[in-house]
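Using numbering that gives the first Met the number 0, you'd call the opening residue of the sequence shown number 0 and step up by one each time.
Please read the structure below before turning to the comments.
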Amino acid sequence: MKIEETMIAQRRFFRTGKTLPLSFRYEALDKLRRSILAHEDDINAALKADLNKSPMESYMCEVGMTLSELSYVRKHLGRWAKDTHVLTPLAQFHAKSYKVHQPYGVVLIMSPWNYPFMLTLDPLIGAIAAGNCCVVKPSAYSPATSAIIRTIVGECFPPEYITVVEGGRAENQALLDQKFDYIFFTGGVTVGTEVMTKAAKHLTPVTLELGGKSPCIVDRTAKLDLAAKRLVFGKLLNCGQTCVAPDYLLIERSVKDEFLGYVRKWIAAMYGENALENDGYVKMINQKHFDRVCGLIDPAKVVIGGGADPATLKIQPTVMDNVTPEDAVMQEEIFGPVLPVLTFDTIEEAEDFVRDRPHPLALYLFTESKAVKERFLRRVSFGGGCINDTIIHLATSRMAFGGVGNSGMGSYHGKKSFDTFSHEKSIVDKSTWMDLPMRYAPYTKTGAKLIRMFMK
């Protein structure tokens, strides 16, 4: 089915009202869950083919997180979808005031290649829960996972309800030329800017889940060994191809050398002395990104790793010391297993360093100081983050996930996903058994006094 025909079919299907009953949405979510479970081995195989992910990492970061989100949304959907009643101002007596949650209609979800299953299905769960029809566009860079997503969606839903469009740039452009009722995009800033530009032509609302250079800040009060362990976990998960991966280390100068010793220890403990020989170590998604990340490595500044294998597209966990803000590795989001190290002498210096740059998607702070923690939480703008850990703040359906400024707009997960794909209509249901005359012209002094009494 052509894209234009798909849009016509989905608009026609949405107007039937079939997606509105909660029973329909529950059934759709249940079908999706059953299909995911039935195809778990196929999903693992696809993630292995695209990124060399192990079954453990595939479940922990993709399938398991998707199932968890699906279960949470299904459990709470009935309460979220109810009309929300609020108090009516005295000036509007007698009336009922409430908010109605209405699906947008036909929505577009564009997903990336780094967590190609989870970052496609998670927003789709929100779109289904809210009662929308949906066009899903997975990344062309993860073709095996896109194929299994197409299979799962095709088994569960007719194309006039939910459909998958595969392909590359031409298909992206063709989709963005259509008028959708909402666009949800996860990816890089450059394409995100293009999505917003295209959406603006139709005044289409968007959610942009982007990225940026997320700092990891370690001060001298931190538990250094544990901090290094958790930093290595977050940095090397999916071989650094994570939008909220710690992008660079900003560490207090007095503890830098000791900390890097622990980093070396934990890299070896998790991935072996040479990660290139570890069958479970994730590879770069393709040659283009392999070459790009390798080009960011300055051999003169490498203190750990630095090696790469073009045959397998694997890059060693690499740490670069004595990095300056002017180095190439600090000019773009790395999206790979390379950790630049910069130092600070005062916490004010670290704060200024982060605030002088575009707002990051995530920030990680390792400290035992309550004052330092409060300082960064209240004074520094970032999407979300962790104190004394990395990555895990996004692994919950009870908190929204999203960026701010250059790192994105809008958020999702759990109820926020339902809200994102719903328009909230404010309704006043006014009684007809009485009609206060003071709001009508001609205005009188008595009416003015009553208005002032009610509205103050």
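Heads up, the beta-carbon is just placed ideally off N, CA and C, and yes, glycines get one too.
{"Query": "Backbone secondary structure at H100 - three-state DSSP", "Result": "strand"}
{"Query": "Option nearest E348 by Cα separation, candidates P359, M283, R374 and I35", "Result": "R374"}
{"Query": "K95 - partner residues in DSSP beta bridges", "Result": "D428"}
{"Query": "Buried/exposed call for V94, threshold 16 Cβ in 10 Å", "Result": "What sits at residue 94 in the sequence shown is Ala, not Val. It is exposed - the Cβ of A94 has fewer than 16 other Cβ atoms within 10 Å."}
{"Query": "Identity of the residues DSSP links to I386 by a beta bridge", "Result": "L364"}
{"Query": "Sufficient close CB pairs (3 or more, under 8 Å) joining the region 355 to 370 to the region 216 to 236", "Result": "yes"}
{"Query": "Sub-8 Å separation of E68 and H412 beta-carbons", "Result": "yes"}
{"Query": "Cβ pair T319, V340 closer than 8 Å", "Result": "For the record, residue 319 in the displayed sequence is Met; it is not Thr. Their beta carbons are under 8 Å apart, which means M319 touches V340 by this criterion."}
{"Query": "Exposed unless 16 or more other CB atoms sit within 10 angstroms - verdict on T196", "Result": "exposed"}
{"Query": "Option in E331, R10, S22 and D388 with minimal Cα separation from L107", "Result": "R10"}
{"Query": "With 16 other Cβ atoms within 10 Å as the buried cut-off, status of K6", "Result": "Residue identity differs from the one stated: residue 6 is Met in this sequence, not Lys. Label assigned to M6: buried."}
{"Query": "contact_flag[the region 120 to 133, the region 159 to 174] where n(CB pairs < 8 Å) is 3 or more", "Result": "yes"}
{"Query": "Completely contained alpha helix (DSSP H) runs for the region 409 to 454, where each covers 4 or more residues", "Result": "414 to 419 and 444 to 453"}
{"Query": "Completely contained alpha helix (DSSP H) runs for the region 148 to 201, where each covers 4 or more residues", "Result": "168 to 175 and 188 to 200"}
{"Query": "Check whether G130 and P102 have beta carbons under 8 Å apart", "Result": "yes"}
{"Query": "Cutoff 6 Å; reference G402; Cβ partners in own chain excluding five residues on either side", "Result": "L209, L360 and G382"}
{"Query": "Limits of the beta strand (DSSP E) - the one that H84 falls within", "Result": "T83 to V85"}
{"Query": "Alpha-carbon to alpha-carbon, R33 and L66", "Result": "10 Å"}
{"Query": "Short Cβ contact (8 Å threshold) for P316 with I391", "Result": "no"}
{"Query": "Distance between S141 and L46 (C-alpha atoms, nearest Å)", "Result": "8 Å"}
{"Query": "Helix, strand or coil at T317 [DSSP, three-state]", "Result": "strand"}
{"Query": "Inter-stretch contact at 8 Å, needing at least 3 Cβ pairs: the region 239 to 248 / the region 295 to 309", "Result": "no"}
{"Query": "Element boundaries [beta strand (DSSP E), containing L208]", "Result": "The residue you asked about is not Leu; residue 208 is Glu in the sequence shown. First-last of the beta strand (DSSP E) with E208: V205 to E208."}
{"Query": "Among T206, I147 and N321, the one whose alpha carbon lies nearest that of L36", "Result": "I147"}
{"Query": "Proximity to K212 [Cα-Cα], best of A310, M59 and N405", "Result": "N405"}
{"Query": "Cβ pair S53, G279 closer than 8 Å", "Result": "yes"}
{"Query": "Burial state of S253, where buried means 16 or more other Cβ atoms lie within 10 Å", "Result": "exposed"}
{"Query": "Same chain, Cβ closer than 8 Å to V427, neighbours up to 5 away in sequence not counted", "Result": "T87, Q91, A94, K95 and S96"}
{"Query": "Alpha-carbon spacing of F343 relative to V188, whole angstroms", "Result": "28 Å"}
{"Query": "Contact check, V262 vs V231, beta carbons under 8 Å", "Result": "yes"}
{"Query": "DSSP three-state assignment for A542, whether helix, strand or coil", "Result": "The structure shown has nothing for residue 542, since the chain only spans 0 to 455."}
{"Query": "Local Cβ density within 10 Å of S22, reported as buried at 16 or more and exposed below that", "Result": "exposed"}
{"Query": "First and last residue of the uninterrupted beta strand (DSSP E) at C133", "Result": "C132 to K136"}
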